[in-house]
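Residue numbering for the sequence shown follows numbering that gives the first Met the number 0, beginning at 0 and increasing consecutively.
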Amino acid sequence: MTPADLSRTVLHAVRRAVDEDALHAPVPARVRVERTRPGGSGDYACAVALQLAGPAALPALEVARILRERVAAEPGVGRVEITGPGFLSFTLDAPAESDRAVLAAVREQGLAYGHGDALRDEIHQFHHAREVRAAVTAQAVFRLLVAQGARGRTTCDQAPDPDWVRLGVTVNAYGTPPTPLTEIRPVPAGATAGELLERLGPDAARWGLLRAAGHDRAALGPELLVQGEANPLFRVRYAHARARALTRGAAALGFTAEAAPYGASPAGPAAHGASPAANAAPAPYDRAARPLLDLIADHPGVLLAGARHRAPDRVARQLEAVAHAFFDFHDSCPPLPAGDEKPSAAHRARLAIAEAAGTVLAGGLSLLGIRAPEHL
Numbered sequence: 000m001t002p003a004d005l006s007r008t009v010l011h012a013v014r015r016a017v018d019e020d021a022l023h024a025p026v027p028a029r030v031r032v033e034r035t036r037p038g039g040s041g042d043y044a045c046a047v048a049l050q051l052a053g054p055a056a057l058p059a060l061e062v063a064r065i066l067r068e069r070v071a072a073e074p075g076v077g078r079v080e081i082t083g084p085g086f087l088s089f090t091l092d093a094p095a096e097s098d099r100a101v102l103a104a105v106r107e108q109g110l111a112y113g114h115g116d117a118l119r120d121e122i123h124q125f126h127h128a129r130e131v132r133a134a135v136t137a138q139a140v141f142r143l144l145v146a147q148g149a150r151g152r153t154t155c156d157q158a159p160d161p162d163w164v165r166l167g168v169t170v171n172a173y174g175t176p177p178t179p180l181t182e183i184r185p186v187p188a189g190a191t192a193g194e195l196l197e198r199l200g201p202d203a204a205r206w207g208l209l210r211a212a213g214h215d216r217a218a219l220g221p222e223l224l225v226q227g228e229a230n231p232l233f234r235v236r237y238a239h240a241r242a243r244a245l246t247r248g249a250a251a252l253g254f255t256a257e258a259a260p261y262g263a264s265p266a267g268p269a270a271h272g273a274s275p276a277a278n279a280a281p282a283p284y285d286r287a288a289r290p291l292l293d294l295i296a297d298h299p300g301v302l303l304a305g306a307r308h309r310a311p312d313r314v315a316r317q318l319e320a321v322a323h324a325f326f327d328f329h330d331s332c333p334p335l336p337a338g339d340e341k342p343s344a345a346h347r348a349r350l351a352i353a354e355a356a357g358t359v360l361a362g363g364l365s366l367l368g369i370r371a372p373e374h375l
């Protein structure tokens, strides 16, 4: 069960409780489920009971009890606990099945993984100054909203800078805008689009403009062009290129990815001479894969939060985290066999994780308007 699946499951439980007259409250348009914070209980948590307590004229704990019995009966949910003043905490059943579902969703949806229709009823107009960072930010926010089903357009104070086109910026209109509108005014870049393009090129310029939160100054120095681990943009793009190289390497060795839960040990059972029968028995993914799998599962929620909060910097930071976790996983659990080692179920499972990470990185970069090269 993915986080999006769990959110729909909780929403369905609310709707059932209302239909069965166990709860008298309006059914919300969406239910937010987020990963449990350190020290918390379960895998995910939700505050919907506190949200509904007022309209239902019931204590939040009572609302939580009504919902708990309905969510707990759903497939994929192992345990539902009530914590604090009325939070619902969920422990998912069969983590390997949940992991497989996430990897299958990435494979099926490709670069559109994490896109959805949560904001399908929203229409926005983003208005910005004739300034390069404002223009690039407005365009990125617009892309994120469209990816979540919203509609809208961007407008500018004055005629747009012709160099914006090379940064992937389009403006629907300029001049005095109609209302309602949303102003996009981050801290100015302190340089023109032409200057940034000459010094950095379009990809590094866009990353530098979008990586910092809007209220912070953008880092636009030569470090954005460094081909090394110290440069987050290079690390993100290199992780993507490496994931693609693994797929090519596996094809040359005659095997493909398989999202099966094998490889309980870092080296994988086949690497230690386990029999085919041992390989056929499902086991948890390599423990080193857990941070990367969690980040891949969280990606849709990050895209939605980036759209809602007009914060493309959240997407950039998520991509950095995915790249970091990818290299940790890659180094601990090589997806390709070494030397005389034969491809095993563990290698196929690891390759599936690596390919999913590459897809997430490419999709996130695309939403930021940045290319994800196959080779670096």
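Where is the CB? At the ideal position from N, CA and C, for every residue including glycine.
Inter-residue Cα distance where the pair is residue i and residue j
i, j, result
"Leu49", "Gly85", "6 Å"
"Thr35", "Pro159", "44 Å"
"Leu60", "Ala21", "14 Å"
"Val321", "Glu19", "43 Å"
"Val13", "Gly305", "26 Å"
"Gln138", "Glu257", "37 Å"
"Ala95", "Tyr43", "16 Å"
"His346", "Cys332", "8 Å"
"Asp297", "Asp120", "23 Å"
"Ala276", "Leu118", "Interpretation of Ala276 is limited by its pLDDT of 31, a score under 50 that renders its predicted location unreliable; the figure taken from the coordinates is listed afterwards. Between Ala276 and Leu118, the C-alpha separation is close to 48 Å."
"Arg247", "His126", "44 Å"
"Gln226", "Leu232", "9 Å"
"Leu366", "Gly75", "31 Å"
"Arg64", "Leu57", "11 Å"
"Gly148", "Thr136", "19 Å"
"Gly220", "Glu228", "16 Å"
"Glu340", "Leu252", "11 Å"
"Pro201", "Gly368", "9 Å"
"Gly338", "Phe254", "16 Å"
"Val164", "Glu194", "14 Å"
"Leu66", "Val168", "46 Å"
"His114", "Val30", "17 Å"
"Ala146", "Gln108", "13 Å"
"His214", "Glu68", "44 Å"
Any non-hydrogen atom of the ligand HEM within 6 Å of residue i CB
i, result
"Arg316", "No copy of the ligand HEM occurs in the structure displayed, which carries no ligand at all."
Proximity winner among the options, relative to residue i (alpha-carbon distances)
i, options, result
"Val62", "Gly77, Arg129 and Val26", "Val26"
"Leu292", "Val170, Arg349, Leu22 and Leu209", "Arg349"
"Thr175", "Ala128, Pro161 and Gly189", "Ala128"
"Leu110", "Leu302, Arg286, Ala229 and Ala324", "Leu302"
"Leu223", "Val235, Asp42 and Gly213", "Val235"
"Phe328", "Leu180, Arg286, Leu367 and Gln317", "Arg286"
"Arg150", "Asp116, Ala103 and Arg99", "Asp116"
"Ala28", "Pro37, Arg69, Leu366 and Leu10", "Leu10"
"Ala55", "Gly41, His23 and Glu33", "His23"
"Arg374", "Ile183, Asp330, Pro334 and Leu245", "It is His, not Arg, that sits at residue 374 in the sequence shown. Residue Leu245 is the option with its Cα nearest to His374."
"Arg184", "Arg132, Gln157, Asp202 and Arg165", "Arg132"
"Leu180", "Asp156, Leu5, Cys45 and Glu194", "Asp156"
Other residues of its chain near residue i: CB distance less than 6 Å, five sequence neighbours each side excluded
i, result
"Glu130", "Pro187"
"Ala385", "Lying before the first or after the last residue shown, residue 385 is absent from the chain, which here runs from 0 to 375."
"Arg78", "Thr90"
"Arg152", "Gln124 and Asn171"
"Ala52", "Ala59 and Val62"
"Arg309", "Val140"
"Ala280", "Here Ala280 scores only 31 on pLDDT, less than 50, and its place in the model should not be relied on; the value that follows carries that caveat. Excluding residues within five positions, none has a Cβ falling inside 6 Å."
"Val359", "Ile295, His298 and Val321"
"Ala3", "Pro299"
"Ser40", "Glu80, Thr82 and Ser88"
"Val17", "Val26"
"Glu182", "His126"
"Pro290", "Ala324"
"Ala288", "Phe328 and Ile352"
"Ala266", "In this predicted model, Ala266 has a pLDDT of only 38, less than 50, meaning its place in the structure is not dependable; the value taken from the coordinates is given anyway. Hits under 6 Å: none found."
For residue j and residue i, believed in contact at Cβ under 8 Å, the rounded distance
i, j, result
"Gly207", "Ala217", "5 Å"
"Ala315", "Leu209", "6 Å"
"Ala104", "Ala242", "Contact doesn't hold; Cβ gap of about 17 Å is too wide."
"Asp162", "Leu196", "6 Å"
"Pro311", "Leu143", "6 Å"
"Leu335", "Ala249", "6 Å"
"Thr1", "Val70", "That pair is no contact at about 15 Å."
"Ala204", "Leu166", "6 Å"
"Phe376", "Ala356", "Shown here, the chain extends from 0 to 375; a query on residue 376 therefore has no answer."
Close-in-space but distant-in-sequence residues of the same chain around residue i (CB under 8 Å, 5 per side omitted)
i, result
"Ser274", "Summary for Ser274: the model assigns pLDDT 35, below 50, so the residue's position carries little reliability; its value from the coordinates is reported in the next sentence. Same-chain partners within the cutoff: there are none."
"Leu403", "The displayed coordinates of the chain run from 0 to 375. Any statement about residue 403 would go beyond what the structure contains."
"Ile122", "Ala149, Arg150 and Gly151"
"Glu230", "A quick correction: the sequence has Asn, not Glu, at residue 230. For Asn230, where only same-chain residues beyond five positions count, the Cβ hits under 8 Å are Glu222, Leu223 and Leu224."
Beta-bridge pairing of residue i - partner residues as DSSP gives them
i, result
"Ile81", "Leu87"
"Arg152", "Gln124"
"Val186", "DSSP lists no partner for Val186."
"Arg34", "Tyr43"
"Tyr112", "Per DSSP, none; premise fails for Tyr112."
"Val76", "Leu91"
"Thr181", "Phe125"
Contacts around residue i, its chain only, beta-carbon distance under 7 Å, and the 5 residues preceding and following it disregarded
i, result
"Glu73", "Thr8"
"Val32", "Pro2, Leu5, Ser6, Val9, Tyr43 and Cys45"
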